[in-house]
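Have a look at the structure below before the remarks.
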Amino acid sequence: MLILGIESSCDETAAAVVRDGRIVMSNMIASQHDLHAEYGGVVPEIASRAHVERVLPVVRKALAEAGVSLREIEGIAVGHRPGLIGSLLVGVAAAKGLAWSLGVPLVGVDHVQAHLYSGLLGEESAEQEVFPALGLVVSGGHTAMFRCDDALRVTRLGSTIDDAIGEAYDKVAVLLNLGHPGGPRVDALAQRGDERAYDFPKSRLSPDSLDFSFSGLKTAVLYAVRGFPERDGSWPGKDRKPTETEQANIAASFQRAAVGAVVMKLERALLRLRAEGGSARSLIVGGGVSANSRLRADLGRFAEDYGLRLIVPRLEYCMDNAAMIAGLGWRRLTAGERDDLTLAAEPTTVL
Ligand code: KG4
Ligand code: ZN
Numbered sequence: 003m004l005i006l007g008i009e010s011s012c013d014e015t016a017a018a019v020v021r022d023g024r025i026v027m028s029n030m031i032a033s034q035h036d037l038h039a040e041y042g043g044v045v046p047e048i049a050s051r052a053h054v055e056r057v058l059p060v061v062r063k064a065l066a067e068a069g070v071s072l073r074e075i076e077g078i079a080v081g082h083r084p085g086l087i088g089s090l091l092v093g094v095a096a097a098k099g100l101a102w103s104l105g106v107p108l109v110g111v112d113h114v115q116a117h118l119y120s121g122l123l124g125e126e127s128a129e130q131e132v133f134p135a136l137g138l139v140v141s142g143g144h145t146a147m148f149r150c151d152d153a154l155r156v157t158r159l160g161s162t163i164d165d166a167i168g169e170a171y172d173k174v175a176v177l178l179n180l181g182h183p184g185g186p187r188v189d190a191l192a193q194r195g196d197e198r199a200y201d202f203p204k205s206r207l208s209p210d211s212l213d214f215s216f217s218g219l220k221t222a223v224l225y226a227v228r229g230f231p232e233r234d235g236s237w238p239g240k241d242r243k244p245t246e247t248e249q250a251n252i253a254a255s256f257q258r259a260a261v262g263a264v265v266m267k268l269e270r271a272l273l274r275l276r277a278e279g280g281s282a283r284s285l286i287v288g289g290g291v292s293a294n295s296r297l298r299a300d301l302g303r304f305a306e307d308y309g310l311r312l313i314v315p316r317l318e319y320c321m322d323n324a325a326m327i328a329g330l331g332w333r334r335l336t337a338g339e340r341d342d343l344t345l346a347a348e349p350t351t352v353l
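If you're matching positions, the sequence shown starts at 3 in this note's numbering and goes up one per residue.
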């Protein structure tokens, strides 16, 4: 079954053709990073306008790359939540128009749940070998853990109470003058730094909390770079720029704290799950930050220690993409689920 997936929840306009939920025939992404770079973050109105210009050309490219015509498409999947509402509306409208004109089923897909599916793309294992699983989504907009009974039945165990981990990476990159998006740059720079140079806080929250918090860590990095403000309100180091050694050491120390917090919460979640009689065969991970080299290495060790199979996406499926949307869309369709033309774009997830 050939599914066309469309993704437009944030600043990437993406389309992909996926066969039977696993075989990625094309995966096109038109990134808008150049449009948002000067603002140090995504500007919603600019993003929606760019999606309008790009969505149909990206769909055409995805079809051409896959070597299939629109007539061969058997279903349209679209990321309809969560995200920037103006951005989501563009993808949802395009998907509805295509599904209606081709007379094929339409399915809306939750973007966060699709990140959890992205590790299955290109994988041959049957679902029974993967689930039940502990799930982790780490991206620019989300940081959350899930109990996954299968690809469709996902229950949230905990999530961030403030910043997402990717957002913390991006803000630290701005403080270190590395530009936007900063996650990959902090990751690269951290390889050259001393991770023990700074003792940044690893947020635990309460002893049994499965939630995350990254805003305190971000503030600690701010003070490490610029020093503390004085009692009288002045801030002598306000415009201070870090030296090259400081940049690398801060990047490495920040990364140790951020990744350490994630692994600590995963351990808590797994022990809680097992104590309650539940089980997990694997740890499935998704989202832009799952491309992080330190996180991948540490999760590898964690999974080995606890006898879990680790399922991380290939690098091209870590960040926002439409292949994961088409993949999970196929899974919904084959389970007999579908949506009609009343499908709404929604800013929040229901997970
Ligand atoms: O999943 P994604 O493309 O978009 C959201 O759904 O948010 O994730 C983007 C985030 C950005 O914050 C980016 O800086 C981060 O993923 N990211 C990384 C790395 N590659 C991307 N963070 C840390 N290390 C990386 N190698
Ligand atoms: Zn995402």
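From the three backbone atoms N, C-alpha and C, an ideal C-beta is built for every residue, glycine too.
Treat the numbers as computed from the prediction; the structure is a model and nothing was measured.
Straight-line gap, residue i to residue j (C-alpha atoms, nearest Å)
i, j, result
"residue 324", "residue 230", "44 Å"
"residue 150", "residue 244", "43 Å"
"residue 207", "residue 263", "10 Å"
"residue 17", "residue 328", "9 Å"
"residue 363", "residue 46", "Residue 363 is absent from the model: the chain starts at 3 and stops at 353."
"residue 23", "residue 331", "8 Å"
"residue 294", "residue 40", "24 Å"
"residue 132", "residue 272", "16 Å"
"residue 153", "residue 190", "32 Å"
"residue 240", "residue 172", "19 Å"
"residue 100", "residue 246", "51 Å"
"residue 203", "residue 337", "44 Å"
"residue 349", "residue 98", "18 Å"
"residue 170", "residue 103", "42 Å"
"residue 333", "residue 176", "39 Å"
"residue 168", "residue 157", "22 Å"
"residue 302", "residue 85", "30 Å"
"residue 96", "residue 288", "26 Å"
"residue 25", "residue 339", "21 Å"
"residue 280", "residue 178", "43 Å"
Own chain residues within Cβ distance below 6 Å of residue i, not counting five before or after
i, result
"residue 238", "none"
"residue 180", "187"
"residue 30", "17, 60, 63 and 64"
"residue 217", "164 and 165"
"residue 321", "290"
"residue 32", "15, 56 and 60"
7 Å Cβ shell around residue i - same chain, five flanking residues per side excluded
i, result
"residue 1", "As displayed, the chain neither begins before 3 nor continues past 353, which places residue 1 out of reach and without an answer."
"residue 110", "80, 82, 341 and 345"
"residue 2", "Nothing can be reported for residue 2: it is not among the residues displayed for the chain, which extend from 3 to 353."
"residue 112", "83, 351 and 353"
"residue 67", "28 and 30"
"residue 326", "116, 117, 119, 120, 123 and 319"
Whole-Å CB distance - residue i paired with residue j, under 8 Å assumed
i, j, result
"residue 254", "residue 196", "6 Å"
"residue 118", "residue 286", "6 Å"
"residue 166", "residue 144", "5 Å"
"residue 260", "residue 224", "At roughly 15 Å, the Cβ-Cβ gap does not stay under 8 Å, so residue 260 and residue 224 are not in contact."
"residue 69", "residue 290", "With a Cβ gap of about 29 Å, residue 69 and residue 290 do not count as contacting."
"residue 416", "residue 278", "Any property of residue 416 remains undetermined from this structure, which presents the chain solely from 3 to 353."
"residue 242", "residue 258", "Their Cβ separation, rounded to whole angstroms, is 23 Å, which puts residue 242 and residue 258 out of contact at 8 Å."
"residue 265", "residue 300", "5 Å"
Selection from the options that minimises the alpha carbon distance to residue i
i, options, result
"residue 159", "119, 182 and 212", "212"
"residue 87", "48, 286 and 66", "48"
"residue 63", "85, 41, 141 and 8", "8"
"residue 198", "184, 250, 220 and 144", "250"
"residue 127", "148, 76, 313 and 44", "313"
"residue 283", "181, 339 and 309", "309"
"residue 353", "137, 121 and 70", "137"
"residue 214", "277, 146 and 280", "146"
"residue 77", "348, 335 and 156", "335"
"residue 124", "300, 27 and 279", "27"
"residue 410", "72, 36 and 32", "What the structure shows of the chain is the stretch from 3 to 353, and residue 410 is not part of that stretch, so it cannot be assessed."
"residue 192", "347, 317 and 296", "296"
"residue 276", "134, 21, 129 and 228", "134"
"residue 161", "155, 292 and 139", "139"
"residue 316", "300, 307 and 292", "292"
Start and end residues, beta strand (DSSP E) containing residue i
i, result
"residue 227", "It is not in any beta strand (DSSP E) - residue 227 instead sits in the alpha helix (DSSP H) that spans 217-228."
"residue 44", "No beta strand (DSSP E) holds residue 44; DSSP gives it neither H nor E."
"residue 202", "Residue 202 -> no beta strand (DSSP E), and no H or E assigned at all."
"residue 82", "77-83"
"residue 32", "25-33"
"residue 4", "4-9"
"residue 157", "156-161"
Start-to-end residues for the alpha helix (DSSP H) that takes in residue i
i, result
"residue 245", "First-last for residue 245: undefined, no H or E at that position."
"residue 177", "167-177"
"residue 188", "185-192"
"residue 317", "It is not in any alpha helix (DSSP H) - residue 317 carries neither H nor E in the DSSP assignment."
"residue 40", "First-last for residue 40: undefined, no H or E at that position."
"residue 97", "87-104"
Cβ neighbours of residue i in the same chain (closer than 8 Å, five flanking residues each side left out)
i, result
"residue 74", "4"
"residue 38", "13, 44, 45, 48, 49 and 182"
"residue 174", "184, 188, 220, 223, 252, 253 and 256"
"residue 89", "10, 11, 12, 13, 46, 49, 50 and 53"
"residue 205", "214, 215, 216, 218, 219 and 263"
"residue 148", "118, 136, 137, 138, 139, 156, 157, 158, 159 and 353"
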